[in-house]
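Protein chains in written order, with UniProt numbering: chain A, 1 to 210; chain B, 1 to 177.
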Amino acid sequence: MSVNPMAYEAQFFGFTPQTCMLRIYIAFQDYLFEMMLVVESVILKKLDGFPGCKISPFQIRKSTEKFLLFMKEHFDKLFSKMEEVLLQLVLNIPKNVLLPEDKVHEQYPYSKEQFQALQDEIHQLQKQYRAEASAGQALRAELEEQKAVRAELEKILQWFDGLENICREHGTGNFKESFAFLTRNSKKLQDVLKDVEEKSKKIKKHDQLL
Amino acid sequence: AAGGGGPGPGPGPGPPVPAAPGRAQVFTTVVDTFLEKLAAAGSYQRFANCYRCFYKLQPEMTRSIYDQFISQLQSSIKEEIQEVKDEGNLDVLFNSLDKIVEEAKNREEPAWRPSGIPEEDVRSAMVPYLLKHRSYLRKVLKEKEEENRKVAESVLAGRDRIAELQQLIEARKHAWQ
Numbered sequence: 001m002s003v004n005p006m007a008y009e010a011q012f013f014g015f016t017p018q019t020c021m022l023r024i025y026i027a028f029q030d031y032l033f034e035m036m037l038v039v040e041s042v043i044l045k046k047l048d049g050f051p052g053c054k055i056s057p058f059q060i061r062k063s064t065e066k067f068l069l070f071m072k073e074h075f076d077k078l079f080s081k082m083e084e085v086l087l088q089l090v091l092n093i094p095k096n097v098l099l100p101e102d103k104v105h106e107q108y109p110y111s112k113e114q115f116q117a118l119q120d121e122i123h124q125l126q127k128q129y130r131a132e133a134s135a136g137q138a139l140r141a142e143l144e145e146q147k148a149v150r151a152e153l154e155k156i157l158q159w160f161d162g163l164e165n166i167c168r169e170h171g172t173g174n175f176k177e178s179f180a181f182l183t184r185n186s187k188k189l190q191d192v193l194k195d196v197e198e199k200s201k202k203i204k205k206h207d208q209l210l
Numbered sequence: 001a002a003g004g005g006g007p008g009p010g011p012g013p014g015p016p017v018p019a020a021p022g023r024a025q026v027f028t029t030v031v032d033t034f035l036e037k038l039a040a041a042g043s044y045q046r047f048a049n050c051y052r053c054f055y056k057l058q059p060e061m062t063r064s065i066y067d068q069f070i071s072q073l074q075s076s077i078k079e080e081i082q083e084v085k086d087e088g089n090l091d092v093l094f095n096s097l098d099k100i101v102e103e104a105k106n107r108e109e110p111a112w113r114p115s116g117i118p119e120e121d122v123r124s125a126m127v128p129y130l131l132k133h134r135s136y137l138r139k140v141l142k143e144k145e146e147e148n149r150k151v152a153e154s155v156l157a158g159r160d161r162i163a164e165l166q167q168l169i170e171a172r173k174h175a176w177q
């Protein structure tokens, strides 16, 4: 006889149906025995009020046992029928029924391989994201460096422009030209000076001869 | 078929089932039937027969003792049933199970059952979270890639600009030599 553990039902009800039935059986049986004892004691008490009667407690006990035995037999038969119905119709979950809490198993029946593939995919995405994140950091670092470098270069350019502006302000137009002009003029001056020197030398000589 | 659609077992306490009554109803009916049949079996005739000597002595008392016995037994049993129902919150559970069974009435294939191996069963429970996580990762990865693409463009433009500035400076330098 294979025993159905009714584990799914236990999941739903919070107890095993068979345990529930057993508890009820024991409780019912206890009441039956209790009631019979009460009946017996009541009868015995009543008999005490009839001192002349020939009925012994032993006879009463025998009657009680007889009745109890009879009741117990019927009780067991009736109870087992009741238990059958309850276990089949009331305390059971039909084979085609899935409890709502287990819906995921119907929606996502992933095999070991599929599950592993999904996990691998996620690891892969995480790796890629980390790579992109560090690439982004490196790019932004370069952007900052570029800002600093650009600032320096622009400063230098501004300095050059400033220099030209100064020269323009002082009317010498192109410094290069002025420089060249200056150079030519000083050469001319030097030539003139030389001339003057020679001429003055000639005059001195003349004066000496006179 | 679910609920009370199946036939009752033999001439036992199976109640006539018109349109599938709920589990709570069946439970109550089944217990009532049990008590009825028990009382019928343990009839007054049987009782009086067993306690014949006392019955002969005190027939009325016998009757009254029997009546009390049966009624006390039945009310104790009913009380016990009610206790079981209250402790297990059975009425609520029965109704909810009836609903669940009703919703599944068009499905014929056997449904999933726990395999008994937690590592296997927990997989399906985790899948929805993993799927969510995966789609989140895909989204942020895409955003990050897009962001980086833009920054990369700025970086390249910046490099061009710096090269340009360097050229201008070279030109000025030459002009002054």
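Quick reminder that beta carbons are idealized off the backbone N, C-alpha and C, glycines included. Note that the coordinates shown come from a computational prediction; the quantities given were computed from them, not determined experimentally.
Among the options, whose alpha-carbon lies nearest the alpha-carbon of residue i?
| i | options | result |
| --- | --- | --- |
| Y44/B | V127/B, K99/B and P59/B | P59/B |
| N4/A | E121/A, K187/A, M71/A and I93/A | I93/A |
| Q29/A | V30/B, L35/B and Q25/B | L35/B |
| E119/B | K112/A, L118/A, Q124/A and I122/A | K112/A |
| residue 233/A | R149/B, E102/B, H133/B and S96/B | Residue 233/A is absent from the model: chain A starts at 1 and stops at 210. |
| E145/A | E145/B, N106/B and G158/B | G158/B |
| E164/A | R172/B, K37/B, D121/B and D160/B | R172/B |
| Q107/A | V101/B, V92/B, R123/B and G116/B | R123/B |
| I162/B | D102/A, K66/A, A148/A and K199/A | A148/A |
| R130/A | Q68/B, V127/B and L141/B | L141/B |
| E65/A | I65/B, Y55/B, Y51/B and S75/B | Y51/B |
| K81/A | L73/B, S64/B and V31/B | V31/B |
| F75/A | Q68/B, T33/B, G116/B and A104/B | T33/B |
| Q167/B | I156/A, R168/A and E177/A | I156/A |
| M71/A | E164/B, A39/B, I65/B and A104/B | A39/B |
| K103/A | I117/B, N106/B, E146/B and D121/B | D121/B |
| K144/B | D161/A, A141/A, K187/A and G136/A | G136/A |
| L153/A | I65/B, E164/B, E147/B and A152/B | E164/B |
| R140/A | E147/B, R138/B and L137/B | E147/B |
| N49/B | I60/A, Q128/A and Q11/A | I60/A |
| V26/B | N95/B, V151/B and I100/B | N95/B |
| Q11/A | S200/A, L99/A, L193/A and F160/A | L99/A |
| A104/B | T16/A, N96/A and P109/A | N96/A |
| F160/A | A152/B, A175/B, D160/B and V151/B | A175/B |
| Q68/B | A138/A, S178/A, E34/A and E84/A | E34/A |
| A27/A | I70/B, R63/B and E79/B | E79/B |
| Y8/A | S75/B, I169/B and S115/B | S115/B |
Which first and last residues belong to the alpha helix (DSSP H) in which residue i is found?
| i | result |
| --- | --- |
| S154/B | P118 to A175 |
| Y8/A | A7 to F13 |
| V38/A | P17 to D48 |
| A111/B | Segment: none, A111/B is in no alpha helix (DSSP H) and carries neither H nor E. |
| C53/A | Element bounds for C53/A: n/a, residue is neither H nor E. |
| G88/B | P59 to G88 |
| E106/A | K103 to Q107 |
| Q45/B | Y44 to C50 |
| K37/B | R23 to A41 |
Just to check my reading of the structure: residue i and residue j have Cβ atoms closer than 8 Å, yes? What is that Cβ distance to the nearest angstrom?
| i | j | result |
| --- | --- | --- |
| D98/B | R23/B | 6 Å |
| I77/B | Y31/A | 6 Å |
| M21/A | L125/A | Wrong, their Cβ atoms sit about 53 Å apart, outside the cutoff. |
| F54/B | F67/A | With a Cβ gap of about 11 Å, F54/B and F67/A do not count as contacting. |
| L143/A | V155/B | 6 Å |
| L118/A | F13/A | Between F13/A and L118/A the Cβ distance is about 34 Å, and since that is not below 8 Å, they are no contact. |
| F79/A | Y25/A | 6 Å |
| G88/B | F15/A | 6 Å |
| L57/B | I55/A | 7 Å |
| I122/A | L90/B | The pair is not a contact, with the Cβ atoms about 44 Å apart (cut-off 8 Å). |
Say whether chain E places a C-beta atom closer than 9 Å to the C-beta of residue i.
| i | result |
| --- | --- |
| T16/A | The structure shown contains no chain E; the protein chains it does contain are A and B. |
Item to complete: Write down every uninterrupted run of the alpha helix (DSSP H) in the region 141-210 of chain A whose length is 4 residues or greater and which is fully enclosed by it, in chain order.
Response: 175-209
* To do: Count the C-beta pairs between the region 32-39 of chain A and the region 107-119 of chain B that are closer than 8 Å, then say yes if the count reaches three, no if not.
  => By the C-beta criterion, the region 32-39 of chain A is judged not to be in contact with the region 107-119 of chain B, since fewer than 3 inter-stretch pairs fall below 8 Å.
Q: Taking 8 Å as the threshold, find out whether the region 132-140 of chain B comes into contact with the region 41-53 of chain A through three or more Cβ pairs.
A: no
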